[in-house]
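Structure record follows, encoded as structure tokens.
Residue numbers (the working numbering): 109 to 357.
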């Protein structure tokens with residue numbers, strides 16, 4: 109059992125080390141040339157780097173060993189259901205829940221709430237991104253069932269994004285485009301993508317390579333739209349408050 113759990117653990121260790129090493133080198137260069145932090149702060153940073161290394165290694169090992177095979181098996185079983193249309197709401201729920209487990213999403217939401225002084229709450233951002241990802245997974249399932257080409261969603265989607273940037277504020281536009289990248293984290297890429305590939309592999313007339321992939325492009329798109337829509341709603345709310353305050357004065 110332990111052999112299966114730690115299968116390929118050495119490769120994951122090497123991947124995480126190669127990912128963190130450039131950050132460590134850049135920090136050391138800045139430390140010697142500009143920062144010159146005290147020993148106590150350097151010790152805390154070193155502890156944080158070690159914890160990050162261990163945490164990322166164990167997390168990615170668990171994703172590769174547990175979530176990816178589980179997602180593929182789930183996808184194959186879901187694709188064999190007689191009522192295929194159920195894949196659409198199931199996809200939405202899976203995308204919604206998977207976003208809650210994304211570490212990068214949590215960090216982004218905390219930073220947005222902190223920088224905005226609580227104006228954009230962490231909970232509002234979390235639900236906005238979760239709904240966006242849920243819609244993207246639902247559209248991916250619809251694409252697999254019907255066989256729509258990917259560009260049917262991508263080109264109109266980004267045209268709407270460009271249009272929405274003119275309606276939303278610069279603040280929300282910046283957050284929106286970061287949200288698209290953050291939403292495509294390890295949970296979505298490994299678990300949800302595996303489900304999509306599994307569904308495509310057992311759906312008649314579908315190619316897992318052509319129809320199963322491409323989902324991540326949608327996941328990167330829909331959170332951008334959802335945050336931009338949130339920005340428009342906040343702008344309208346702020347405008348109404350200004351009008352009320354002016355009328356009272």
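Using N, Cα and C, we set each Cβ at its ideal position, and we do this for glycine too.
Taking all protein chains shown into account, decide if residue 245 is buried (16 or more other Cβ within 10 angstroms of its Cβ) or exposed.
-> Along the chain shown, one-based indexing puts residue 245 at 137. In the assembly as shown, residue 245 is a buried residue. Its beta-carbon has 16 or more other beta-carbons within 10 Å.
Could you tell me whether the region 323-335 touches the region 286-298, using the rule of 3 or more Cβ pairs below 8 Å?
-> yes
Which value, in whole angstroms, describes the spacing of the CA atoms of residue 145 and residue 152?
-> Locating residue 145 in the chain shown gives position 37, where the first residue counts as 1. Locating residue 152 in the chain shown gives position 44, where the first residue counts as 1. For residue 145 and residue 152, the distance between alpha carbons rounds to 11 Å.
Does the pairing of the region 233-243 with the region 204-212 give three or more beta-carbon distances under 8 Å?
-> yes
Which ranges does the alpha helix (DSSP H) cover as unbroken runs of at least 4 residues, wholly within the region 263-346, from first to last along the chain?
-> 278-291 and 301-310
DSSP state of residue 189, grouped into three classes?
-> Taking the first residue of the chain shown as 1, we reach residue 189 at position 81. Three-state result, residue 189: coil.
By a C-beta neighbour count over all protein chains shown, 10 Å radius and 16 as the cutoff for buried, is residue 267 buried or exposed?
-> Taking the chain shown and counting its residues from 1, the one referred to as residue 267 is at position 159. The residue in question, residue 267, is exposed, as its Cβ has fewer than 16 Cβ neighbours within 10 Å.
Inter-residue Cα distance where the pair is residue 352 and residue 345 = For the purposes of this step, residue 352 is taken as the residue at position 244 of the chain shown. For the purposes of this step, residue 345 is taken as the residue at position 237 of the chain shown. Any reading at residue 352 must be qualified, since the residue scores a pLDDT of 44, below 50, and its modelled position is unreliable; no value is offered.
Residue 291 and residue 210: beta carbons closer than 8 Å?
-> Locating residue 291 in the chain shown gives position 183, where the first residue counts as 1. Locating residue 210 in the chain shown gives position 102, where the first residue counts as 1. Judged by their CB atoms, residue 291 and residue 210 are nearer to each other than the 8 Å cut-off.
Would the C-beta of residue 120 count as close to the ligand NAP, meaning under 7 Å from any of its heavy atoms?
-> As presented, the structure is devoid of all ligands, the ligand NAP included, so that no description of it is given.
Proximity winner among 283, 184 and 154, relative to residue 304 (alpha-carbon distances) | The sequence position of residue 304 within the chain shown is 196, counting from 1. Cα-wise, what sits closest to residue 304 is 184.
Determine contact between the region 152-163 and the region 275-283, defined as no fewer than three beta-carbon pairs at a distance below 8 Å.
-> no
Considering only C-alpha positions, which residue in the set 139, 130 and 192 is nearest to residue 311?
-> Your numbering for residue 311 matches position 203 in the chain shown. Of 139, 130 and 192, the residue nearest in Cα terms is 192.
To the nearest whole angstrom, what separates the beta carbons of residue 178 and residue 293, a pair I think is in contact under 8 Å?
-> What you label residue 178 is simply residue 70 of the chain shown in a count that begins at 1. What you label residue 293 is simply residue 185 of the chain shown in a count that begins at 1. Actually they do not touch by this definition, with Cβ atoms about 17 Å apart.
Nearest-angstrom Cα distance between residue 298 and residue 137?
-> Here the question's residue 298 lines up with position 190 in the chain shown. Here the question's residue 137 lines up with position 29 in the chain shown. Whole-angstrom Cα-Cα distance: 34 Å.
On the three-state DSSP scale, how would you describe residue 115?
-> Position 7 of the chain shown, counted from the start, is the residue given in the question as residue 115. Reduced to three states, the DSSP call for residue 115 is coil.
Measure the alpha-carbon distance for residue 139 versus residue 132 and round it to whole angstroms.
-> Within the chain shown, the letter at position 31 stands for residue 139. Within the chain shown, the letter at position 24 stands for residue 132. Spanning the alpha carbons of residue 139 and residue 132 requires a straight line of approximately 10 Å.
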